[in-house]
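Visitor: Take a look at the following structure, please.
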Amino acid sequence: MIRRDFFKTAAKGWGSLAALGAVLTPHTAQARTLKLPDQRDTHDEEFWSAVRQQFPLTHDRVYLNTGGLGASPTVSIQALKDKVDELEEISETGHTAELWQTTKERAGLALGCDPGEIAFTRNTTEGANIVCNGLPLQRGDEVITSSHEHVGNTMTWLARQKREGIILKVFDPDTQSARNTLDRIESLITPRTRAISVSHVTCSTGQILPVRQIGQLIADRDIYYFVDGAQAPGMMPVDVHEIGCHAYATSGHKWLLGPKGTGLLYVRRDALDLIDARFVGAYSGTGHFDIRTGEFQFHPTAQRYEYGTVSAPLIAGLGAAFDFSLQIGLDAIWRHNHALAAALKDGLNDLGARVLSPQRADEHSSMITFKLDGVGYKTLKPFLTEKFNLRTRGIYEGGLDGVRISLHLYNSLADVGRVLEGVEAAQKL
Numbered sequence: 032m033i034r035r036d037f038f039k040t041a042a043k044g045w046g047s048l049a050a051l052g053a054v055l056t057p058h059t060a061q062a063r064t065l066k067l068p069d070q071r072d073t074h075d076e077e078f079w080s081a082v083r084q085q086f087p088l089t090h091d092r093v094y095l096n097t098g099g100l101g102a103s104p105t106v107s108i109q110a111l112k113d114k115v116d117e118l119e120e121i122s123e124t125g126h127t128a129e130l131w132q133t134t135k136e137r138a139g140l141a142l143g144c145d146p147g148e149i150a151f152t153r154n155t156t157e158g159a160n161i162v163c164n165g166l167p168l169q170r171g172d173e174v175i176t177s178s179h180e181h182v183g184n185t186m187t188w189l190a191r192q193k194r195e196g197i198i199l200k201v202f203d204p205d206t207q208s209a210r211n212t213l214d215r216i217e218s219l220i221t222p223r224t225r226a227i228s229v230s231h232v233t234c235s236t237g238q239i240l241p242v243r244q245i246g247q248l249i250a251d252r253d254i255y256y257f258v259d260g261a262q263a264p265g266m267m268p269v270d271v272h273e274i275g276c277h278a279y280a281t282s283g284h285k286w287l288l289g290p291k292g293t294g295l296l297y298v299r300r301d302a303l304d305l306i307d308a309r310f311v312g313a314y315s316g317t318g319h320f321d322i323r324t325g326e327f328q329f330h331p332t333a334q335r336y337e338y339g340t341v342s343a344p345l346i347a348g349l350g351a352a353f354d355f356s357l358q359i360g361l362d363a364i365w366r367h368n369h370a371l372a373a374a375l376k377d378g379l380n381d382l383g384a385r386v387l388s389p390q391r392a393d394e395h396s397s398m399i400t401f402k403l404d405g406v407g408y409k410t411l412k413p414f415l416t417e418k419f420n421l422r423t424r425g426i427y428e429g430g431l432d433g434v435r436i437s438l439h440l441y442n443s444l445a446d447v448g449r450v451l452e453g454v455e456a457a458q459k460l
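Below is the structure:
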């Protein structure tokens, strides 16, 4: 049986959120900005229950797949709808400097960079493609990557390898030792190494890779450094300047809670002329060009990677989602998420499940992957869905054959308990 004192034990992982001094008001169709009245005595569970009310997400099932797609709060959805209505009344694009700038300023707060280092994309995959295909690589150049990358970051490099003859060198992350992972990367570096491409948080096990240490390792080497950040921003605080990468791509529609089809690409200011913009058009330049002389100028910021008409309603919804998370506090969200994940990990260990994610608190994220001996993910995932109404994600990357649980600000200890009940029942299959 699951331990009766599970909730009492797990609750110890929560840091007090009294400093936030706030309770969110329930979502309404008219909501624009969140009002956080000063209630410093609010209990943690009460606070996060109020946060949950900001989402139209159904209560008929437990949503545990933010690593695949995040739910959006009502304020973000409403901002998107309002912008659609506004623009359709006048038939305009809404592509204004003010909307772009203010949204990028919020993105800069979430990523730890300057607004001018951010380009809007559709998703992490588009950002990875811009970087992979824009780097000045030649046949025989080596690129180091991991066996636990998402297909969106893997296919880009495989395609360039097939097309141009670059060489991919692959390491297996050590889920129990960041030091060993770093050593494995260093052992693959040769005079032909020109790029390293890794995830900040792996989609397979939720492992936090030592991205800052990787940046330090290659700081004085002629190696380009790209980080797939699909699974980090919004889940935890991020500082791309501290990481030291040349470029970092993420999605707006996962942990950042933005509209589907939004993404962000950070390119360090001194790397803008290193990563060539291959897809260009309106907004990629300064507006000065001459088809007869061949003269044109790229935009001096990361806007050079944007081109053509972009959905202003999506950008408006993304900006509202940033406001939502920033008002709650990225540090507070991370404490909440990590405590839930620790409670789940400990509960799975108690049940004897094989936890594939790191055991160390400083190396696991709020995504926990596990497996049951004799029960593959193709059996376990539908069982948890049909019998316990749990929306999880099967993990095949790296040959793991497990199930991944993603825990975010709209999840609770009760959700963790439901997962453990389902796992305990599945052990009898």
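Just so you know, the sequence shown maps onto residues 32 to 460 in the numbering used here.
Idealized CB from N, CA, C, for every residue including glycine.
Could you tell me which residues DSSP pairs with HIS395 in its beta bridges?
Guide: GLN238
Visitor: Can you give the beta carbon distance from SER396 to MET267, rounded, assuming they're within the 8 Å contact cut?
Guide: 7 Å
Visitor: Taking just the CA atoms, how far does HIS179 sit from ILE346?
Guide: 31 Å
Visitor: Distance, Cα to Cα, PHE329 vs PRO167?
Guide: Near 17 Å, if we compare the C-alpha coordinates of PRO167 and PHE329.
Visitor: From what residue to what residue does the beta strand (DSSP E) around ARG83 run?
Guide: Under the DSSP assignment, ARG83 falls outside any beta strand (DSSP E), being part of the alpha helix (DSSP H) whose first and last residues are 75–83.
Visitor: Secondary structure at THR221, three-state DSSP: helix, strand or coil?
Guide: coil
Visitor: Which runs of the beta strand (DSSP E), 3 residues or longer, sit entirely within the stretch 149–236?
Guide: 149–152, 173–177, 198–202, 224–230
Visitor: Tell me where the alpha helix (DSSP H) around LEU118 begins and ends.
Guide: 105–121
Visitor: Where does SER443 sit, in a helix, a strand or coil, going by DSSP?
Guide: Note: SER443 maps to coil in three-state DSSP.
Visitor: Using 8 Å as the Cβ pair cut-off and three pairs as the minimum, do the stretch 311–323 and the stretch 286–299 touch?
Guide: no
Visitor: Out of VAL447, ILE322, LEU295, TYR336, state which residue places its alpha-carbon closest to the alpha-carbon of GLY312.
Guide: TYR336
Visitor: Among the candidates LEU460, GLY99, ARG422, ASP404, whose CA atom is the shortest distance from the CA of VAL450?
Guide: ARG422
Visitor: Leaving out the 5 sequence neighbours to the left and right, which residues in its chain are closer than 8 Å to GLU195 when beta-carbon positions are compared?
Guide: LEU168, GLN169, ARG170
Visitor: Within the present structure, is the beta-carbon of THR293 separated from the nearest heavy atom of the ligand COA by less than 8 Å?
Guide: Only the bare structure without any ligand can be found here, which leaves the ligand COA out of the picture.
Visitor: Would you decide whether PRO331 is buried or exposed? Buried here means 16 or more other CB atoms lie within 10 Å of its CB.
Guide: exposed
Visitor: In chain order, what residues of the same chain have a beta carbon less than 6 Å from the beta carbon of ARG18, not counting five sequence neighbours either side?
Guide: In the structure displayed, the chain extends from 32 to 460; residue 18 sits before or after that span and is not available.
Visitor: Is the distance from the Cβ of LYS114 to the Cβ of PRO344 below 9 Å?
Guide: yes
Visitor: Nearest to GLY98 by alpha carbon, out of PRO413, PRO87, MET398?
Guide: MET398
Visitor: Which one of PHE78, ASP377, LEU111, SER228 has the shortest CA to CA distance from ALA392?
Guide: It is ASP377 whose Cα lies nearest to the Cα of ALA392.
Visitor: Could you spell out where the beta strand (DSSP E) holding LEU296 opens and where it closes?
Guide: 294–298
Visitor: How big is the Cα-Cα spacing for TYR256 and ALA250?
Guide: Answer to the nearest angstrom: the Cα atoms are 9 Å apart.
Visitor: Please classify TYR445 as buried or exposed, where buried requires at least 16 other C-beta atoms within 10 Å of its C-beta.
Guide: Sequence check: residue 445 is Ala here, not Tyr. Exposed, since its Cβ has fewer than 16 Cβ neighbours within 10 Å.
Visitor: As an exercise, report each continuous alpha helix (DSSP H) stretch of at least 4 residues that is fully enclosed by the stretch 304–370, in chain order.
Guide: Runs found: 343–359.
Visitor: Kindly indicate the opening and closing residues of the beta strand (DSSP E) around ALA138.
Guide: No beta strand (DSSP E) contains ALA138, which is instead part of the alpha helix (DSSP H) from 128–142.
Visitor: Determine the direct distance from the alpha carbon of VAL271 to that of VAL212, and round the result to whole angstroms.
Guide: The sequence shown places Thr at residue 212, not Val. Answer to the nearest angstrom: the Cα atoms are 20 Å apart.
Visitor: Pairing CB atoms from the stretch 117–134 with CB atoms from the stretch 231–245, are three or more of them under 8 Å?
Guide: The stretch 117–134 is not in contact with the stretch 231–245.
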